[in-house]
Amino acid sequence: MFRIAPFRQRGGFGSFMPQAFSDLLNWTEGSWQGFSVDVKETEGSYELKADLPGIAKDNIHIGLNDGYLTIAVRQEDVREEEKQNYIRRERRRVANQRSFYVGNINPADVKAEHKDGVLEITFPKAQAGPQGQIPIH
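Start counting the sequence shown at 3; every next residue gets the next number (the numbering used here).
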């Protein structure tokens, strides 16, 4: 039930292209960099670990909509200096999101923890519905 290539579930190439252009336009915000994710399957659940070093817990948002688990990250670090004669000033912006098709699961069954720069999410496997032939009337 878990899909690494979610565009297959979203309607194929036609709906993939707008997302690709959106990612290209957001390139200046750093969304192109992404973040590493490991997914491990256990007997009754999946365990997802995302490396998010330096990202505050309050800047991580997890959503579950239409069978997709989405992790969104947005953080801006601005360092102000008192000196007016600065040689260099740096700002860091992080904006990214990843979505994974997980099927029809209850949000109350999803557990998330953020510790030492790693986000850990555990969620049950979606229950498959009955399968079989459909008669045509």
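Positions of the beta carbon are idealized from the N, C-alpha and C atoms, including for glycine.
When E78, L54, S101, Y103 are compared, the shortest CA-CA separation from R93 is found for E78. Classified as exposed, V41 has fewer than 16 neighbouring CB atoms from the shown chains inside 10 Å of its CB.
Boundaries for P55: no beta strand (DSSP E) harbours it, and the DSSP string shows neither H nor E there. Looking at A128, I89, L121, the one whose alpha-carbon comes closest to that of V104 is A128. Shown here for Y70: same chain residues with a beta carbon closer than 6 Å to its own, the five before and five after excluded, namely S101, Y103 in chain order. Around the CB of I123, 16 or more other CB atoms lie within 10 Å, so the residue is classed as buried. CA-to-CA, the gap between K59 and L50 works out to about 16 Å.
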